[in-house]
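Participant: What follows is a single structure, and I will ask about it in a moment.
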Amino acid sequence: MGAAIGQSLPIAVGVLISPMPIVAVVLMLVSRKATANGFSFLLGWIVGIAVLGSIVLLVAGAATPSESGPPAWASVVKIVLGFLLLLLAIKQWRGRPRAGATPETPKWMSAIDAFTPVKAFGLAVLLGAVNPKNLLLVVSGAAAIAAATSETGEQLGALAVFVVVASIGVAAPVVIYLAMGARAATMLEELKTWMIQNNAVIMAVLLLVLGAKMVGDGITAL
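Read left to right, the sequence shown gives residues 65 to 286 (the working numbering).
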């Protein structure tokens, strides 16, 4: 299981520092239903990543014959996913706001104050498992786990670690809010502003590093 965790951990860290989900949960925590929406968002985030990761592991398990070592297709999948991450990194970099420009914020952010816990849960699932950037990262992480071990118990254990690490970024604002209450508002507002302003650059660098790692690992394993 150690190899599976080691292969997927950098990708989990990538999911952890994705700016938009952190911005979303911060907005939940300054909404009228802060506590309920914050916890619902965190739960939806965990469920979305866990379900998507489990689906990838099931598909990978069904396609993997009983043999020692990772199959060749797993290396090819890593290379393909790596190149997709690199392309997404280029797109993010080219779409970054120029110096002095204010980045455009998604329309859903303005509606968060009226969200119910059910909507908060649904948004978290969308951002964690359906949004293209996170979708690629989670699929890449689960594929790395599947390539590292064929043992079901080890795969599930590594996936659990992946989900926990990937959820720290979303969980941290909730913990800060619970610990500090209303005093956390200023800190969370500053965090939200910084994340929105630097979202494109953070994601571009992140996707570039992870994409290059995935391609390198795939080529090495062939």
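Glycine included, each C-beta is placed from N, C-alpha and C at the ideal position. Remember, it's a predicted structure, so these values are computed and weren't measured experimentally.
(1) To the nearest angstrom, report how far apart V225 and A249 are at their CA atoms.
(2) The alpha helix (DSSP H) that contains R54, what's its start and end?
(3) Just how far apart, CA to CA, sit L121 and L73?
(4) Is it true that the CB of L223 sits closer than 8 Å to the CB of S118?
(5) Grab me the residues of V234's own chain with a C-beta within less than 6 Å of its C-beta, minus the 5 sequence neighbours each way, in chain order.
(6) Please confirm whether A68 and I232 have their CB atoms less than 8 Å apart.
(7) When we look at the beta-carbon of P83 and count the other beta-carbons within 10 Å, is it buried (16 or more) or exposed?
(8) Under a Cβ-count criterion, where at least 16 other Cβ atoms within 10 Å of its own Cβ denotes burial, should G125 be classed as buried or exposed?
(9) Just to confirm, are E218 and M65 a CB contact at a threshold of 8 Å?
Facilitator: Once the coordinates are examined:
(1) Within the sequence shown, residue 225 is the residue found at index 161, counting from 1. Within the sequence shown, residue 249 is the residue found at index 185, counting from 1. The alpha-carbon atoms of V225 and A249 are separated by roughly 30 Å.
(2) Beyond the ends of the chain as shown, which are 65 and 286, falls residue 54; an answer cannot be given.
(3) By one-based count along the sequence shown, residue 121 stands at place 57. By one-based count along the sequence shown, residue 73 stands at place 9. Answer to the nearest angstrom: the Cα atoms are 16 Å apart.
(4) Counting from 1 along the sequence shown, the entry for residue 118 is found at position 54. Counting from 1 along the sequence shown, the entry for residue 223 is found at position 159. Their beta carbons are under 8 Å apart, which means S118 touches L223 by this criterion.
(5) Taking the first residue of the sequence shown as 1, we reach residue 234 at position 170. Here the set comprises P85, V89, L106, W109.
(6) Residue numbering aside, residue 68 sits at position 4 when the sequence shown is read from its first letter. Residue numbering aside, residue 232 sits at position 168 when the sequence shown is read from its first letter. No, the Cβ-Cβ distance between A68 and I232 is not below 8 Å.
(7) Position 19 of the sequence shown, counted from the start, is the residue given in the question as residue 83. Per the 10 Å Cβ criterion, buried.
(8) To locate residue 125, count along the sequence shown from 1; it is residue 61. It is exposed - the Cβ of G125 has fewer than 16 other Cβ atoms within 10 Å.
(9) In the sequence shown, counting from the first residue as 1, residue 218 sits at position 154. In the sequence shown, counting from the first residue as 1, residue 65 sits at position 1. Taking 8 Å as the Cβ cut-off, E218 and M65 qualify as a contacting pair.
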